[in-house]
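Chains as they are written, first to last, in the working numbering: chain A, 6 to 426; chain B, 760 to 1014.
The C-beta atom is built at its ideal place from N, Cα and C for all residues, glycine as well.
In this text the structure is predicted, and so the values were computed from the model without any measurement.
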């Protein structure tokens, strides 16, 4: 339909804009009056936190790039120059480096919240899959960012991870040479990683936009996992959730500030303060903490191709999760068995993290293998079967009338017979 | 259970994070753990210790180890004044190019980087029996254990235990990975004579030079801690405020 938008904005200037480009109406509709389930807990703040974190990464990163030199002979010194000579350069760099860790903490909580409350189920499959794309892009971006300071872990991490692609039959070798821009990790590698590290965040912004659009079509899931039945079940996003999210953002910033100001190197590896040296291999090459579970999966089988396949499979399995989970009930609150296995998955992921942090010997080998086995068993076997054999608890009639949980019911409503699934 | 869940998740995440800097358990002794002036949320650089530490770096360490990221002007951060810094810089020479385009040496300025003992890595190796003395600019950040580790190395020289095979030109050190270090024991009791009358024991010397090196690795440390305390206090206030607003706003909502 062509024609001016009918705006109900009072201010004449804003109205003039809004009739031609209805962005104000759009914001009003999507962020102010947007009907949002009224029963969110604080886990629903993590999507917004991730958005805030992305903005912090972009802002600090753009300023860091103004003082950084992507050259093997100068990168390390240019980072130290940022730390010493650039005004508040230390703040920018520590915020960016710890911001990456915060981003993964926030996003992992966001993902596990989705797993617990079944946020990936119909009609939110595409919303979930876009989220998995964002996770993949974040991983690629974080990996390439870690290479830029050109310390020992930068160099050797880059060597190990890029070499993984050589396991792919036939095209593996050419892909690795393409990534390197030569026949080893060297200056062309650093240059292209810098370029891609600057590019990918904007791709993430694009996919985040699609993620949010998809969210605003289906609406948010909620801790009960049932759709709002009417206006009594929802609240306008503003001011209720803008204010509630503000509380979460403040707490998030406290954690972030503690890391940046008092423990800025606690999550990094000391070897990355040693300039890269292709002739000296560190004793243990370990990736950043947020990659450790995947690193453990990579090393779980004594086959390079097998390990690489499992590692990428660990992410790919998330794409098809909406169809692997056959239970019609979303929230784990009403799934007595899934609720237990969910925690098994959490424990498996944490155990994999420990296995990834330690050298692959002794007790860490079986722990890595059992963790890997459970991870895939959970998604590929357990979830399809649980939907068939699990007896879910009765679902509440609506968000505002939870028959379970003992909330105060309006007079006359209590006598209603509960519906079962 | 309802309230336990977030706590459980936080604990799991915390455990995962703690596990990250996994230190390989090897044959080395457990590091000493000192009470440093710069540790903790309110930590500051002990200026007197850092100045004594500079004296040690200047007279001992700098014969082999560079400090190439640091400038002479950085010494203002350990309490030296402009005149003192100029005098220290002027007593060193740094390489330069003269009017005729020929390599030359000139007295250093406060704005110059610390003079490196060797022209390049190869010269450093040639003078040190093949070993390369590492640059010390960020040394306390570049080793697992940080300040305690550097202190341990400086004080950890000992006679090798019976049956330990020590290679030619190497020295036994309790804390060094593999226990064989190329560096000769750099400090003993009385290696330097302090101008402020502090007793020049090995432990005191090691403590002082580690304080200096920690400052060089983190010249922003005091500013960072001061700013951090203010930021966190402000955020705590803001959290309380926003939580109060949230409570008031949600008071009428049944949820």
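query, result
"Exposure label - residue 7 of chain A; buried when at least 16 CB within 10 Å", "exposed"
"Beta-carbon proximity list for residue 999 of chain B, same chain, < 8 Å, skipping 5 on both sides", "none"
"Proximity test, Cβ basis, 8 Å: residue 810 of chain B and chain A", "no"
"Chain B contact for residue 275 of chain A (CB, 8 Å cutoff)", "yes"
"Alpha-carbon spacing of residue 253 of chain A relative to residue 115 of chain A, whole angstroms", "13 Å"
"Alpha helix (DSSP H) runs contained entirely in the segment 127-212 of chain A, provided each spans 4 or more residues", "130-152, 157-169 and 177-185"
"Three-state secondary structure (DSSP) of residue 880 of chain B", "helix"
"is_contact[residue 43 of chain A, chain B] using C-beta, thresh 8 Å", "yes"
"Chain-ordered neighbours of residue 95 of chain A on chain B, where CB pairs are closer than 7 Å", "979 and 983"
"Per DSSP, cross-strand counterpart(s) of residue 240 of chain A", "A:41"
"Cα-Cα separation between residue 352 of chain A and residue 900 of chain B, rounded to whole angstroms", "32 Å"
"Residue 852 of chain B - containing beta strand (DSSP E), residue span", "852-856"
"Amino acids of chain A, ordered along the chain, whose beta-carbon sits closer than 7 Å to that of residue 874 of chain B", "Here the premise fails: no neighbours, minimum Cβ distance about 17 Å."
"Contact residues within the segment 899-925 of chain B, judged by C-beta distance below 8 Å to chain A", "900, 901, 902, 903 and 905"
"Interface residues of chain B facing residue 85 of chain A [CB-CB closer than 8 Å]", "828, 896 and 897"
"Residue 831 of chain B vs residue 871 of chain B beta-carbon contact at 8 Å", "yes"
"Residue 981 of chain B - containing alpha helix (DSSP H), residue span", "980-1009"
"Terminal residues of the beta strand (DSSP E) in which residue 863 of chain B lies", "862-866"
"Alpha-carbon spacing of residue 12 of chain A relative to residue 20 of chain A, whole angstroms", "6 Å"
"Secondary structure, alpha helix (DSSP H): runs of 4+ residues fully inside the segment 27-84 of chain A", "28-32 and 51-70"
"Helix, strand or coil at residue 216 of chain A [DSSP, three-state]", "helix"
"Residues within the segment 232-250 of chain A neighbouring chain B, beta-carbon criterion of under 8 Å", "240, 244, 245, 248 and 249"
"Three-state secondary structure assigned by DSSP to residue 816 of chain B", "helix"
"Residue burial classification, residue 396 of chain A (beta-carbon count within 10 angstroms, cutoff 16)", "exposed"
"Under the three-state DSSP convention, the category residue 874 of chain B falls into", "coil"
"Distance between residue 42 of chain A and residue 225 of chain A (C-alpha atoms, nearest Å)", "7 Å"
"Opening and closing residue of the alpha helix (DSSP H) in which residue 914 of chain B lies", "905-914"
"Sequence ranges, alpha helix (DSSP H) only - wholly within the segment 322-384 of chain A, length at least 4", "326-329, 341-362 and 369-382"
"DSSP state of residue 86 of chain A mapped onto helix, strand, coil", "helix"
"Meets three-Cβ-pair contact criterion under 8 Å: the segment 14-29 of chain A and the segment 202-218 of chain A", "no"
"From A:348, A:403 and A:192, residue whose alpha carbon lies closest to that of residue 228 of chain A", "A:403"
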